[in-house]
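K.L.:
Before anything else, here's the structure in question.
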Amino acid sequence: MHIAFLNSWYTDAARGSGTAAAVSGLARGLESLGHRVTRVESRLPAPGLTLRRLLYNAEFLFRPPAEGCDLLVGFDIDGFLLPAARRRNFVLCLFGVSAEEMRFERGWPRAYIWALSRLEGRNARRAGRVIVPSEHSRRAAIDAYALEPGRVAVVPLGIDLAAWDALAASASTRTEARPTIL
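FYI, in this note's numbering the residues of the sequence shown are 1014 to 1195.
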């Protein structure tokens, strides 16, 4: 199966943190199962992450995101401007639920996350399927975005055990019995 990822987030883990790692991990997992994953990159340079994400999504008003793919996967807000004709086989992956996250913020950060949650909610309601990493996130998405429970599925985040095992094997063992105080 050919799967196209719509992802306007930073792709390197240093800037994109957990989201970048989760997207990369999902791609590797799907590829290990024999699927072909294509990442749809932005064609427009933009300063700042928010403007970059909005312009990335605006591109899909004028061009199809990926030709010949069997499945289109968006992350968070990615895909919210896809015309209905291009939403065939569209799945939205939420690693967190912005509407829930904003409850813990105040001031400008809360307003910013509120705006993102409006786009994310629209995207979730228009997706054929929404996947989330936990039952908690599933309930939060259903409640916050008024989603049909049957359209929201839990797909836990994968952990690449081989990579962690290699790190553990190469780590040096402590010979000193004294504790280290940080």
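By construction, the Cβ of each residue, glycine as well, lies at the ideal position given by its N, Cα and C atoms.
Any idea which residues DSSP pairs residue 1166 with across the strands?
P.N.:
DSSP output for residue 1166 lists 1144 as bridge partner(s).
K.L.:
Against chain B, does residue 1062 count as a neighbour if the rule is that its beta carbon must be under 9 Å from one of theirs?
P.N.:
The structure shown contains no chain B, having only a single protein chain.
K.L.:
So, residue 1073 versus residue 1092, is the Cβ gap smaller than 9 Å?
P.N.:
It is a contact, given that the beta carbons lie within the stated cut-off.
K.L.:
Cutting at 7 Å between CB atoms, please list the residues of its own chain near residue 1123, excluding the five before and the five after it.
P.N.:
Answer for residue 1123: 1115, listed in chain order.
K.L.:
To which residues of the same chain is residue 1090 closer than 8 Å at the C-beta, ignoring the five residues directly before and after it?
P.N.:
The residues are 1021, 1066, 1070, 1129, 1132, 1133 and 1136.
K.L.:
Is the beta carbon of residue 1082 less than 9 Å from the beta carbon of residue 1015?
P.N.:
The answer is yes: Cβ separation under 9 Å.
K.L.:
Bridge partners of residue 1172, per DSSP?
P.N.:
None, per the DSSP bridge assignment.
K.L.:
Determine, using beta carbons only, whether residue 1166 and residue 1139 come nearer to each other than 9 Å.
P.N.:
Contact flag unset, no.
K.L.:
Would residue 1058 be called buried (16 or more neighbouring beta carbons within 10 Å of its own) or exposed?
P.N.:
Under this definition residue 1058 is an exposed residue.
K.L.:
Closest to residue 1025 by CA distance: which of 1019, 1036 and 1087 is it?
P.N.:
When each option's Cα is compared against that of residue 1025, the closest is 1036.
K.L.:
Please determine, among 1174, 1188 and 1111, the residue with the shortest C-alpha to C-alpha distance to residue 1158.
P.N.:
Residue 1111 is the option with its Cα nearest to residue 1158.
K.L.:
Just to confirm before moving on: does the CB-CB distance between residue 1162 and residue 1155 stay below 9 Å?
P.N.:
Their beta carbons are under 9 Å apart, which means residue 1162 touches residue 1155 by this criterion.
K.L.:
Considering only their Cβ atoms, is the gap separating residue 1104 from residue 1053 smaller than 9 Å?
P.N.:
No, Cβ-Cβ distance for residue 1053 and residue 1104 is not below 9 Å.
K.L.:
Using the rule of at least 16 other Cβ atoms within 10 Å of the residue's Cβ for burial, across every protein chain shown, is residue 1086 buried or exposed?
P.N.:
Residue 1086 is buried by the Cβ-count criterion.
K.L.:
Could you round the C-beta distance between residue 1031 and residue 1171 to whole angstroms and report it? I think they count as a contact, below 8 Å.
P.N.:
Not quite, the Cβ-Cβ distance comes to about 13 Å (not below 8 Å), so this is no contact.
K.L.:
According to the neighbour-count rule (16 or more other Cβ atoms, all chains shown, within 10 Å of its Cβ), is residue 1168 buried or exposed?
P.N.:
By the 10 Å Cβ count, residue 1168 comes out exposed.
K.L.:
With DSSP as the reference, label residue 1126 as helix, strand or coil.
P.N.:
In this structure, residue 1126 counts as helix in the three-state DSSP scheme.
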